[in-house]
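All remarks here apply to the structure that follows.
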Amino acid sequence: MFVLREFHLPLAFPPSCLLAQSALISVFSRRVLRKSKKAKMSEKKLSTSRRHHLKSLMLSIAKGLLEDEKKQRAEERAQYMEDNCPPLELPSSVQELQELCKKLHKSIDVVDEERYDIETKVNKSIKEIDDLKIKVVDLQGKFKKPALKKVRMSADAMLQALLGSKHKVNMDLRNNLKQVKKEVKEEEKESVGDWRKNIEDKAGMGGRKKIFETEA
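Quick note: the sequence shown uses the UniProt record's numbering, first residue 1, plus one each step.
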């Protein structure tokens, strides 16, 4: 606890002393506030040993609760079996035996109906859980796409923005293309001559011999 002492000054003192008194009070109050804030922060922050101790206590309490729940379930099951499944007493006559069989069949039908109702409820709850899981996955995947603005930029400006101003980029594709000179090859035109002469040369055995020699 911090106690703020009052500084009493006589009234005959000049006003400068009163200013000094107010300054001292303000400084002292600031220090008190800082210390109180630090104390609150230290109370909020727990040490590691304290955290481990609290965790161990919570785990031990949870373990005890689980054991109590198991015992309670076992007791409820035993009580249910005693109420619904009494010890079997075999009758002596046939008529009593038939009545017992009818009674057992009725109890079996009732239990079967209860089992069917419980099974439908369980399946319905499982389906609802699966639907909720799918919804959670869909919500995690969805996000608002920002509205993109269309900006007209040339290829030079885009590359300059990506690479920086140090790199000079020239996107003049026509100048960067390799210059290829088209070389026109003038094929020597073979003189055909007189076509009649060619036919006469190729005619007969001598002409076939010449064709064979040229091909070889």
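Glycine residues also receive a C-beta, built at the ideal position from the N, C-alpha and C atoms.
In the structure shown, the three-state DSSP call for E82 is helix. In this chain, E89 is not harboured by any alpha helix (DSSP H), its DSSP state being neither H nor E.
When C-alpha distances from S154 are compared across L148, L162, E67, the shortest belongs to L162. In this structure, the CA atom of I108 is about 10 angstroms from the CA atom of E114. In this model, P87 and E75 are separated by some 18 angstroms (Cα to Cα).
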